[in-house]
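When we follow the numbering used here, the leftmost residue of the sequence shown carries the number 499, and every step to the right adds one.
So the structure is just underneath, and the comments pick up after that.
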Amino acid sequence: MNQQGHMESYGQPQPGYQGYQQFAYNNQHTAGVPTSQYGPYNGPVQGYEPTAAPQGPLRPTSGAPPTSLPPSTAAQSTAYNQYGQGDIQNGPAMTDQMQRFPVSQSYMPGGQPIAYQQYAPSPSNAQHLPNQMAAMQISGSTSNAPPPVSQSYGPPTSHRQTTASFPPTGPAVYTQYSTPLQNISSSIPQAGNPPQHPFPGQTVPASTYTSPPTSTGLTGMNLPPPPGVSRPTAMHGPPLPGQSQTGFPPSQPPTGHYPPQPNHRPAAPQTGMPGVVPGPPTQGFQVHPTQPSQGFIPQQNGSFGQMRAPQPNYAAPYTGTPSYSSQPQSQQKRLDPDSIPSPLNELPPQQKTRHRIDPDAIPSPIQVIEDDKSNRGSEPFSTGVRGQVPPLVTTDFVVKDQGNSSPRFIRCAAYNLPCTSDMAKQCQVPLTAVIKPLATLPADEAPPYIVDHGETGPIRCNRCKAYMCPYMQFIEGGRRFQCAFCSCVTEVLPHYFQHLDHTGKRMDYYDRPELSLGSYEFLATVDYCKNNKIPNPPAFIFMIDVSYNALKSGLVHLLCEELKTLLDYLPREGNAEESAIRVGFVTYNKVLHFYNVKSSLAQPQMMVVSDIADMFVPLLDGFLVNVNESRAVINSLLEQIPEMFGDTRETETVFGPVIQAGLEALKAAECAGKLFIFHSTLPLAEAPGKLKNRDDKKLINTDKEKVLFQPQTNFYSNLAKECVARGCCVDLFLFPNQYVDVATLGLVTYQTGGSVYKYTYFQAQADGERFLNDLHRDVRKVIGFDSVMRVRTSTGIRATDFFGSFYMSNTTDVELAALDCDKAITVEFKHDDKLNEDNGAQIQCALLYTSCSGQRRLRIHNLSLNCCTQLADLYRNCETDTLINYFVKLAYRGVLSNPTKTVRETLINQSAQILACYRKNCASPSSAGQLILPECMKLLPVYLNCVLKNDVLQPSAEVSTDDRAYTRQLAISMDVAETSVFFYPRLLPVHKMDVDSDDFPVAIRCSEERLSKGGIYLLENGLNLFIWVGMNTQHDLIQSIFNVQSFGQIDSAMSALPLLDNPYSKKLRSMVDMIRAQRPRFMKLMIVKQDDKMEVLFKHFLMEDKSASGGASYVDFLCHMHKEIRQLLS
């Protein structure tokens, strides 16, 4: 299959020029930064035999990457910055560096070898070198196979050599400077090992060329081409909007300013010549084959924007060049970021490091996101067509339900499923769906319609019990219907009968939501209720820790004050005047205090239960009350609680009995409900569920590390099971000053469908805003109580695995004490038979729940998918964000029973198998040196690397055990939009915002080298919100935003922006408010000044860079994935 429209190819590094000392690629060690676990990517792969003896330590035969630098380079390694050659980050530009390209990259299909200048005899087939990742164009060293027709990146041309150099030994023809992936620490060759260039003398048809830009210092000269090589066409491209022809001013790096590009193929193939200089060097210009080059020219591809244009100083295309493109193109000057003075880390030029691979030339998440916004954000997404891939979660779009559920409710990793289990095993793409049954819809989309079939209840299939949906086929004039899931034929009840039209559709097709829409609700009958009884309205119980720590931090006072108003906002049904939810109050330390707040009382009454070993509720009448009826008594109680316990010296608390008390209260009231527990310390007091401090960082990276994620006692597992059976959900607000064992305390919350919130070192003054916003949203959000979810599928596949916050007592039913609008459940499907291309595959999710008014309902979501017999069709219809959501949940469940190292390796291996299968079965034939990625999955490596570097799988020294357990529990119930931004944060250049527009500035990539010393940036990941200020930021901008005169006067302790009456302040505050509104949790704002102590925390979220815990940079990891894929293919 030639699927070149759906792949990218990137290059593969050469093992280095023989005889030169080698540096580990992008593996410069900085103080305090451990080596990446992938090591340098600088060794031969089996079957590729270098001709010179390797330098430095020997590579293990197993293929494991070396983890140390060669001795010869150790002394120099400290001079290198970990961030590799940034145009912004690493000091003044060298006098002659390669051009860095703007983020908007162009791709050019076709990776043909061309005529190279020969510096040494060509390598034989046995010496077939892996091509440099920057070039990636080479197939057989001497073969005459036709050139590959895949999309690949070509390298840029080399640049002037500043040290000793060697004159070329052959005629001055087009010369390849194929740079090794390693840094070259010396420009003096070892004796007897002349540098080699592969594939001299190969030719390709000229009609497939475009000329790459020359390096700085070369001008386009009108010289004849070498014999047998036709002249290449010039490469043109219009300048990007907003960019001048001459480049950026120093304070603005060329990032983030590409326009969204339509996703189209070029009219005629245009091919980059890897590493070729158009024309010979000018007189006196000496070429050095081993000088590191700046990366590679990306090929033309719709997702990556415009064609690359010539660089500055490339005066014009060759005169008289035939143009092979069918469309006229204007010329654009190439921007040279390296000619811009670097604003950060002013290192001397000789210390500036060089990337072997240009980060701008590998797939950019920002480019993909922006392209999707421009291509798919303007039109409504109609769900009528089976198996269509929805817009990305980062795109703002409107959904029209026409028979399949909205992607806000269900997203799949693959919208075209393999027909057989053999195909599924071969490709290793997990068949998963992320289901968010109660997702909040935007204001311009109607909520699901409620269908009431009266006493008979919903219409269902007799055999599999699937609910009536648009896929059911009515037959025999409408008297019977055939189930789309199990093919069983069921009689239509007389009251539901309707005639069919000439197409076989019922006449009332458009009048009935269950026949024409993908999502809708049924009112459930008494048969769907526990014990065949209509449920009572649910209850909320607020359980407040009144130990010394909770009072000292200001928590108790703040909470009691807020509850007075918060109780007006309890969830209510539709247009109901007041909420049906009843409330109760408990305080506790070593004992529990229950409060009678009956409306007839003048003052609340306290009842103390000190026998916590056998918990009971001392009162029924007056404990759970209607807020409006008992408001005066409740307000009196909330005023008295902080005073009653104000002088307490009790530091010990209990926890298990608190949950037991809430559970008993709901049991006695015969209703479902939610406990809001506000807790501050590890429960050390003698009581059921007592815990001990087991925090031990020595276990990290050992086989025993998994115990840190497991509960330390079975008590809470059994308690969770009881809670689910009674419909008692637990939301936990933690305020720890030290270890509290989140892995154990959060277990009941996790298994009952609740939420955990954590405020370490809480102080009411500093953290009150965040806590109160979280509490408000948690109390007010849409919630379904006492829920059961079942996923049915059509014959051929079945749901086999579930990930999320819930409990399962059997293999099919997901049980949740409560399910709210933020919780998602990830489901994995496996084949149990063959699928049929004509019929496709159908999924139906049914959620049975009690609404906040006590009404029993069924919410139904339906989705139909295509099925395929060709792997290319599968790879063309995948969704990487959903795939990553599944991988996160798979990994985070895996750490409970496996060492984190094993979990990381499993993820890398499965991802490599997915990409290797595509390469083997769908991509055009090309050399092993090319990294070829499917168009839909080209961001899989960068996102996977973010998951592997996260604190759960690879913690840095500062991350606490509790923080890891907390992150793990949060991520387990995240939806696709949340995991997307959590693992690859959004970084917005504030200094580029348009104050007259409602739009945000275009995001930039998460890397330190994208930051300008003269800029202000906003970074958010759903939990954290930073504003980073560069030290050279203009004083006017600082004054407009922070209301101070200079950078030095900015108060980094502020947690809110000052309210100023100017457009910049208003726009930035509006952006912060909008971002917070998009996320389920309130993000506290942190101001980070450049070179401030807090900058370490900020840099932790720059996911494309090497991490302090040893996580690889994006470029390094892409190389590592390439190596893994090649090993699988060989």
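The beta-carbon is built from N, C-alpha and C at its ideal position, and this holds for glycine as well.
Computed from a predicted structure; not experimentally measured.
According to DSSP, residue pairing for residue 879 in a beta bridge involves 897.
CA-to-CA, the gap between residue 1316 and residue 1252 works out to about 7 angstroms. Apart from sequence neighbours up to five positions away, the residues of its chain that approach residue 1161 with a beta-carbon distance below 7 angstroms are 1220, 1221, 1224, 1226, ordered along the chain.
Boundaries of the beta strand (DSSP E) around residue 1298: 1295–1301. By the beta-carbon neighbour count (other beta carbons within 10 angstroms, threshold 16), residue 1562 is buried.
The stretch 1346–1364 and the stretch 1439–1449 do not touch, with fewer than 3 CB-CB distances between them shorter than 8 angstroms. Residue 1585 and residue 1550 have their C-alpha atoms roughly 5 angstroms apart.
When DSSP states are grouped into helix, strand and coil, residue 1133 belongs to the helix group. DSSP assignment within the stretch 1331–1400 yields the following whole beta strand (DSSP E) runs of 3 residues or more, N-terminal first: 1339–1348, 1354–1366.
Taking a C-beta distance under 8 angstroms as the contact criterion, residue 1068 and residue 1095 do not qualify as a contact pair.
In the DSSP assignment, residue 1316 is bridged to 1283. As a beta-bridge residue in DSSP terms, residue 1171 pairs with 1037, 1226.
Inside the stretch 881–967, DSSP marks whole beta strand (DSSP E) runs of 3 or more residues at positions 908–910, 914–916, 929–933, from first to last along the chain.
Beta-carbon to beta-carbon, residue 1619 and residue 1410 are separated by about 6 angstroms, close enough to satisfy the 8 angstroms threshold.
One thing to note: residue 1357 has its Cβ within 8 angstroms of the Cβ of residue 1019. Burial check for residue 887: the Cβ neighbour count within 10 Å reaches 16 or more, so the residue is buried. The DSSP-derived three-state label of residue 996 is coil. Taking every protein chain shown into account, the CB of residue 1559 has fewer than 16 other CB atoms within 10 angstroms, so this residue is exposed. Taking a cut-off of 8 angstroms on C-beta distances, the stretch 1191–1205 does not touch the stretch 1248–1263, as fewer than three cross pairs fall below it. Residue pairing by DSSP puts residue 1017 in a beta bridge opposite 1359.
The beta carbon of residue 1516 sits closer than 6 angstroms to those of 1486, 1488, 1525, all from its chain and outside the five residues before and after it, given in chain order.
Using a Cβ distance threshold of 8 angstroms, residue 1362 and residue 1008 do not count as a contacting pair.
The alpha-carbon of residue 1366 is positioned some 13 angstroms away from that of residue 1376. Residue pairing by DSSP places residue 1068 in no beta bridge whatsoever. Cβ contact annotation for residue 1233 (same chain, cutoff 6 angstroms, sequence separation greater than five): 1053, 1178, 1257, 1260, in chain order. Looking at the DSSP output, residue 1103 sits in a beta bridge with 1094. C-alpha of residue 1120 to C-alpha of residue 1157: approximately 20 angstroms in a straight line. Counting only residues of its own chain and dropping the five nearest sequence neighbours on each side, residue 1174 has a CB closer than 6 angstroms to the CB of 1040, 1229. In the three-state reduction of the DSSP assignment, residue 1616 falls in the helix class, which pools H, G and I.
In this structure, the beta-carbon distance from residue 1116 to residue 1092 falls below 8 angstroms. Within the stretch 1406–1463, the runs of alpha helix (DSSP H) at least 4 residues long that lie entirely inside it are, in chain order, 1438–1447. Here residue 971 is bridged, per DSSP, to 980. The C-beta distance from residue 1484 to residue 1518 rounds to 5 angstroms, short enough to meet the 8 angstroms contact threshold. For residue 1390 against residue 1469, the beta-carbon gap comes to about 6 angstroms, under 8 angstroms, which counts as contact.
Of the residues 990, 917, 1239, 1329, the one whose Cα lies closest to the Cα of residue 1211 is 1239. Within the same chain, and ignoring the five residues on either side of residue 1462 in sequence, the residues whose Cβ sits closer than 8 angstroms to its Cβ are 1206, 1207, 1449, 1450, 1453.
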